[in-house]
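Inspection log for the structure reproduced underneath, given as structure tokens.
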Amino acid sequence: MLRIIPLLILFIFSAINGSAQNSETASVEKSIWGLQTGLLGFWAHNESKLTRTIALRTELGFDGGFYGSTNDLNYVFVPILRVEPRWYRSLDRRFEKGKNTANNTADFLSLKAIFLPDLFTVSNDDVRVSSTLGLTANAGMRRVYWDHFSFELGLGAGFAADLEDNYRDAIYFLPEVFLRLGYNF
């Protein structure tokens, strides 16, 4: 089963890009480096061109959260690694309408692999986070203003597995909502 998923992903993305390419169409950037922050974290990322409309995004950073009771509020930040092929599905439509497509400004669909290692945590409490591996399907939009400032908004869902839990509840539903502001180099 685990071998079928990468083959299926490769087949879908190759079928999407199997059509003839025109030199008068938009394309994703060869490589984009950047920093982003959201409500609960900060990340460094790179997007590298795989095909005309697909980029591979790799990201390293810290995801954060808050927990506690009415009298005690605690925070935690954990390191995270994400690998995400993104299909920028609206590049051609935006290009034909004369809209900005620089720095991968378009709507996208993606399949995001997430790894939270049990290396360390930054917290005001003694917290231990289990190593986790997840996979989510996402839809989102990326907009870049003034050549460097990015805005991303997206929604998705998938599953995650606690790699250290040997019980039946080790796999769970993983919703994903993101709103990020960033700077591209």
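All the letters of the sequence shown, read from the start, carry residue numbers -20 to -1, 1 to 165 under mature numbering (1 follows the signal peptide of the UniProt record, and there is no 0).
The C-beta atom is built at its ideal place from N, Cα and C for all residues, glycine as well.
May I have the straight-line CA-CA distance separating residue i from residue j, to the nearest angstrom?
| i | j | result |
| --- | --- | --- |
| Asp72 | Gly18 | 28 Å |
| Phe165 | Val102 | 27 Å |
| residue 175 | Leu40 | No statement about residue 175 is possible, as the shown extent of the chain runs from -20 to 165 and does not include it. |
| Gly14 | Val124 | 12 Å |
| Gly114 | Ala137 | 10 Å |
| Tyr47 | Ala150 | 21 Å |
| Gly45 | Ser110 | 15 Å |
| Gln1 | Lys29 | Low local confidence applies: a pLDDT of 42 at Gln1 is under 50, so the model's placement there is unreliable, with the coordinate-based value given in what follows. Spanning the two alpha carbons is a distance of roughly 15 Å. |
| Phe95 | Glu4 | 39 Å |
| Asp105 | Asn54 | 7 Å |
| Asp145 | Ala117 | 24 Å |
| Asp52 | Gly162 | 31 Å |
| Phe100 | Glu64 | 24 Å |
| Leu91 | Phe129 | 24 Å |
Give me the DSSP bridge partner(s) of residue i.
| i | result |
| --- | --- |
| Arg37 | Glu27, Glu64 |
| Phe153 | Phe139 |
| Ser130 | Val124, Gly162 |
| Val58 | Asp43 |
Assuming residue i contacts residue j (C-beta within less than 8 Å), just tell me the rounded distance between them.
| i | j | result |
| --- | --- | --- |
| Arg74 | Ala6 | 7 Å |
| Thr112 | Tyr68 | Not really, about 28 Å apart at Cβ, beyond 8 Å. |
| Ile12 | Asn84 | 6 Å |
| Phe42 | Arg66 | Not really, about 21 Å apart at Cβ, beyond 8 Å. |
Considering just the uninterrupted stretch of the alpha helix (DSSP H) at residue i, what are its terminal residues?
| i | result |
| --- | --- |
| Phe75 | 71 to 76 |
Considering just the uninterrupted stretch of the beta strand (DSSP E) at residue i, what are its terminal residues?
| i | result |
| --- | --- |
| Trp13 | 11 to 18 |
| Thr116 | 112 to 125 |
| Ser49 | Element bounds for Ser49: n/a, residue is neither H nor E. |
| Phe100 | Careful: Phe100 lies outside any beta strand (DSSP E) and carries neither H nor E. |
| Asp87 | 86 to 96 |
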